[in-house]
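Input: a single structure, listed below in structure tokens.
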Amino acid sequence: MRNRNPFLYPIIALVIAGASAGLAGAQMQQPAITTHTAADAAPAEEMVPVTTSSPDARHDYELGLLYHEDLLFVDKGLVSLRKAVKADPHFALGHATLAYFTTDPVEERHEYALAQKDIASASPDERLLIRWMDGAKNGGLVPAIAAMNDLLAKYPNDKRLANMASEWLCANQAAYEHGEKILKNVLQSDPNYFPALNNLAYCYALSGRPSLAPPLMDQYVVALPAQPNPQDSYGEIMRMLGDYPAALDHYGKALQIDPTFNTSQVGIASTYALMGDQERARAEYLKAISGTKERPTKLDYRILWAMTFYRENQIERGNREMTKLVAEAHAADLPVEEAEIYRNMALFSTDPHHALKSLDAARVVLTENHEISQGSREIELANILQTRAYIAERAGMADAAQKALKPLSAMAQTSRSNIVQQAYHSANGAVLMTQEKYDAAIAELMEDSQNPLSLQLLADAQSKAGQAADAQKTLSALAAINDERVETAFAVPQARAALKQNSGTGAEAGGH
Amino acid sequence: MRKRLLTLGLLLIGVVSAVYATDFAVIVHSSNPVRATSLVELGKIFKGKTHMWSNERSITIVLRDPDSPGMKFVIEKILGGTVEEGKTILNEPSRKTTVPVVFASSDEEVIKIVESSPGAIGIVDVYNITSGVKVIKIDDKQPFDPGYVLKGR
Numbered sequence: 058m059r060n061r062n063p064f065l066y067p068i069i070a071l072v073i074a075g076a077s078a079g080l081a082g083a084q085m086q087q088p089a090i091t092t093h094t095a096a097d098a099a100p101a102e103e104m105v106p107v108t109t110s111s112p113d114a115r116h117d118y119e120l121g122l123l124y125h126e127d128l129l130f131v132d133k134g135l136v137s138l139r140k141a142v143k144a145d146p147h148f149a150l151g152h153a154t155l156a157y158f159t160t161d162p163v164e165e166r167h168e169y170a171l172a173q174k175d176i177a178s179a180s181p182d183e184r185l186l187i188r189w190m191d192g193a194k195n196g197g198l199v200p201a202i203a204a205m206n207d208l209l210a211k212y213p214n215d216k217r218l219a220n221m222a223s224e225w226l227c228a229n230q231a232a233y234e235h236g237e238k239i240l241k242n243v244l245q246s247d248p249n250y251f252p253a254l255n256n257l258a259y260c261y262a263l264s265g266r267p268s269l270a271p272p273l274m275d276q277y278v279v280a281l282p283a284q285p286n287p288q289d290s291y292g293e294i295m296r297m298l299g300d301y302p303a304a305l306d307h308y309g310k311a312l313q314i315d316p317t318f319n320t321s322q323v324g325i326a327s328t329y330a331l332m333g334d335q336e337r338a339r340a341e342y343l344k345a346i347s348g349t350k351e352r353p354t355k356l357d358y359r360i361l362w363a364m365t366f367y368r369e370n371q372i373e374r375g376n377r378e379m380t381k382l383v384a385e386a387h388a389a390d391l392p393v394e395e396a397e398i399y400r401n402m403a404l405f406s407t408d409p410h411h412a413l414k415s416l417d418a419a420r421v422v423l424t425e426n427h428e429i430s431q432g433s434r435e436i437e438l439a440n441i442l443q444t445r446a447y448i449a450e451r452a453g454m455a456d457a458a459q460k461a462l463k464p465l466s467a468m469a470q471t472s473r474s475n476i477v478q479q480a481y482h483s484a485n486g487a488v489l490m491t492q493e494k495y496d497a498a499i500a501e502l503m504e505d506s507q508n509p510l511s512l513q514l515l516a517d518a519q520s521k522a523g524q525a526a527d528a529q530k531t532l533s534a535l536a537a538i539n540d541e542r543v544e545t546a547f548a549v550p551q552a553r554a555a556l557k558q559n560s561g562t563g564a565e566a567g568g569h
Numbered sequence: 243m244r245k246r247l248l249t250l251g252l253l254l255i256g257v258v259s260a261v262y263a264t265d266f267a268v269i270v271h272s273s274n275p276v277r278a279t280s281l282v283e284l285g286k287i288f289k290g291k292t293h294m295w296s297n298e299r300s301i302t303i304v305l306r307d308p309d310s311p312g313m314k315f316v317i318e319k320i321l322g323g324t325v326e327e328g329k330t331i332l333n334e335p336s337r338k339t340t341v342p343v344v345f346a347s348s349d350e351e352v353i354k355i356v357e358s359s360p361g362a363i364g365i366v367d368v369y370n371i372t373s374g375v376k377v378i379k380i381d382d383k384q385p386f387d388p389g390y391v392l393k394g395r
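So the sequences go chain by chain: Y and W. Residue numbering for the first sequence follows our numbering, starting at 58 and increasing by one per position. Residue numbering for the second sequence follows our numbering, starting at 243 and increasing by one per position.
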């Protein structure tokens, strides 16, 4: 069956209305959304076909996309997609979509294999979509982009396709101009297409222009008054802008609409962590942890919980909690998380020798026999080596920095990953700093201008090169970061303290 | 929220105003047997010194306006001088008969012309490519490969 079931559109509309009403409980009444979802906005022939022999699989697939892409109930979306491929085990597009969205490396690999096995049963345009999703996540970017643009040209009214493509361009490729262009086209034909409002706001925020996002958030909230995600997004945007009370307010509103909307619970917890109230942050993280069933997500939240001890300088307690999480990540076969925990421990270690040992342990995890894609392994290894070069530079251990750079340099010769390339430039910048070649270091560190560790080194290099005004500017940019990354938790408080001390006399970033 | 396709430590967050960087793809007609060339050879084509493909088709160059974003970098990289010198080379009167240069108003137009002209060679932002054209390697590298020579800023 290639064509969409015409009865599906009312079903989807009812599902949205039902989801909204059910999730809102008795507190809010809202109209059914019948015109602003991708599924019911365009006739079947204007959207990429979906081939499955099972009506149940088709229904669950649509529901999965509705939850995951439109309403951003990510876990529910994954559950529905899993049901879809269970209902039709030969549903190639279903398998590929699940592989694209899952964060579980075991599931990703398994589902990609199944998608490839049954690809002959997919229509030519579905195969293009599968090629894009596979290439986008696994590094075959040139054919992936060609496939994406072919589909966008053939299905100009498939708003969900446009939204997915632009999300990938903005969030993963830093191709903001292209993502914005697609989203603006979508919004021109349907100014209230809410997923595009959300993604355009994030595209602005990710490209360093968060102040352009609030007007879009206002529209998003109006378009979906009974849904939690608009408030959740608004909360995150306000937090990026450093307005913590407004962030808490919006996250709170999201939870009023739907108490199970767990990302808002994490948003509240992380906002308290950024505000310095770690006890409250921990209490809020615990609620979020109990509210998710996805293995990697649960562990990610537990890492954030444990990080609060580091944030309040309880290093030993933080280490104890992280050590427990290492064992759990190992038992759960989540190697990226396990390596990340070691990297957390390294960054917050007060002894650089211990820090480097933690990073050794992180590298060992990646050499073990785990279900992990080559791309994920490579990216995590690059992060470890970059962190190693950073720590070595801060501790004045020039040899150790050089040793970290060597394998990263080899990786950068063959890897197409932006993250690997940026990690290489950062590590090279760190090594150049140990050699007191500050001008060369500045050029390298500027290649990784979104990483707090690189920004800290950059401010220091600029200061040592006599570029006091630039150093102050870099330090201010670093101090303005408000996100959940471990690099932020480590470097931003130091930058804020340094700015207070400097008072315009030249920047000197904090050290390890 | 936005969904996380990356792991926790790898969230991309804009810090300073983003610098727009892209790779430029060299494209030819899908029937063209060429799969790769060198930057030096590309320079010869742009200078009108090489004017035929191996299949004996005459070469036509299709580019965006030299003053459009990114084209300054492309022209300087391929022709080796300043953009003004490059413009002079590309606009020489003799070019009307030897390796003519067609200037298009957008990447979409460049692709459209290359798609329908068996001897054409064009350069576009890699994020605009379609499967209607063939992307060729330059110095054994394709866009996104480390060390790819047409990585612009």
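Ideal Cβ positions, reconstructed from N, Cα and C, are used throughout, including at glycine. These numbers were taken from a predicted model, which means no experiment stands behind them.
Residues 442, 443, 446, 461, 462, 465 of the same chain have their beta carbon placed closer than 7 Å to that of residue 484 of chain Y, with the five preceding and five following residues left out of the count. Residue 370 of chain W reaches chain Y at 202, 206, 235, counting residues in chain order whose Cβ is nearer than 9 Å. Scanning chain Y for C-beta atoms nearer than 8 Å to the C-beta of residue 282 of chain W yields nothing, as the closest lies near 22 Å away. For residue 377 of chain W, the chain Y residues whose Cβ falls inside 7 Å of its Cβ are 199, in order along the chain. Nearest CB-CB separation between residue 210 of chain Y and chain W: below the 9 Å threshold. Counting along the chain, the unbroken alpha helix (DSSP H) around residue 211 of chain Y starts and ends at 198-211. Scanning its chain for C-beta atoms nearer than 7 Å, with the 5 sequence neighbours on each side dropped, one finds around residue 285 of chain W the residues 320, 321, 322, in chain order.
Contact annotation for residue 336 of chain W against chain Y: no contact, minimum CB-CB distance about 35 Å [criterion: below 8 Å]. Runs of alpha helix (DSSP H) with 4 or more residues, each lying fully within the region 119-194 of chain Y, are found at 131-144, 149-158, 162-174, listed in chain order. Spanning the alpha carbons of residue 249 of chain Y and residue 419 of chain Y requires a straight line of approximately 46 Å. Restricted to the region 473-521 of chain Y, the alpha helix (DSSP H) segments that are unbroken, complete and at least 4 residues in length are 475-491, 495-502, 509-521, listed in chain order. Every unbroken stretch of the alpha helix (DSSP H) spanning 4 or more residues and falling wholly within the region 519-557 of chain Y is given here in chain order: 525-536.
Take residue 501 of chain Y, set aside five residues on each side of it, and the residues of its chain with a beta-carbon closer than 8 Å to its own are 482, 483, 485, 486, 489, in chain order. With contacts defined by Cβ atoms closer than 9 Å, residue 235 of chain Y and residue 223 of chain Y form a contacting pair. Against chain Y, the beta carbon of residue 373 of chain W has neighbours under 9 Å at 185, 200, 203, 204, 206, 207, listed in chain order.
Boundaries of the beta strand (DSSP E) harbouring residue 376 of chain W: 375-380, taken from the DSSP string. With a cut-off of 8 Å on Cβ pairs, the region 375-389 of chain Y is in contact with the region 398-415 of chain Y, counting three or more such pairs. Along the region 307-321 of chain W, there is no position whose C-beta sits under 8 Å from a C-beta of chain Y. At a C-beta separation below 8 Å, residue 349 of chain W has no neighbours in chain Y, since its nearest C-beta there lies roughly 10 Å away. For residue 420 of chain Y, the uninterrupted alpha helix (DSSP H) segment begins and ends at 409-424. For residue 302 of chain W, the uninterrupted beta strand (DSSP E) run begins and ends at 302-306, by DSSP. Classified as exposed, residue 277 of chain W has fewer than 16 neighbouring CB atoms from the shown chains inside 10 Å of its CB. Within the model, the alpha-carbon separation for residue 110 of chain Y versus residue 145 of chain Y is close to 7 Å. Taking 7 Å as the upper bound on Cβ-Cβ separation, chain W lies near residues 469, 470, 471, 472, 473, 476, 478 of the region 455-479 of chain Y.
Taking all protein chains shown into account, residue 424 of chain Y has fewer than 16 neighbouring C-beta atoms within 10 Å of its C-beta and is therefore exposed.
If you compare the alpha carbons of Y/480, Y/181, Y/288 with that of residue 504 of chain Y, the shortest gap goes to Y/480. Chain-ordered listing is empty here: chain Y has no CB closer than 8 Å to the CB of residue 382 of chain W, the nearest sitting near 13 Å. Counted as a single uninterrupted DSSP element, the beta strand (DSSP E) harbouring residue 364 of chain W occupies residues 362-367. With fewer than 16 other beta carbons inside 10 angstroms of its own, residue 294 of chain W counts as exposed. Bounds of the beta strand (DSSP E) holding residue 265 of chain W are 264-271. Classified as exposed, residue 333 of chain Y has fewer than 16 neighbouring CB atoms from the shown chains inside 10 Å of its CB. Assigned with DSSP and collapsed to three states, residue 344 of chain Y falls in helix. Residue 312 of chain W counts as buried, since no fewer than 16 other beta carbons sit within 10 angstroms of its beta carbon. DSSP lists W/380 as the beta-bridge partner residues of residue 279 of chain W.
Taking the Cα positions, residue 239 of chain Y is about 27 Å away from residue 320 of chain Y. In this structure the region 338-356 of chain W does not touch the region 178-197 of chain Y; the number of beta carbon pairs closer than 8 Å is below three.
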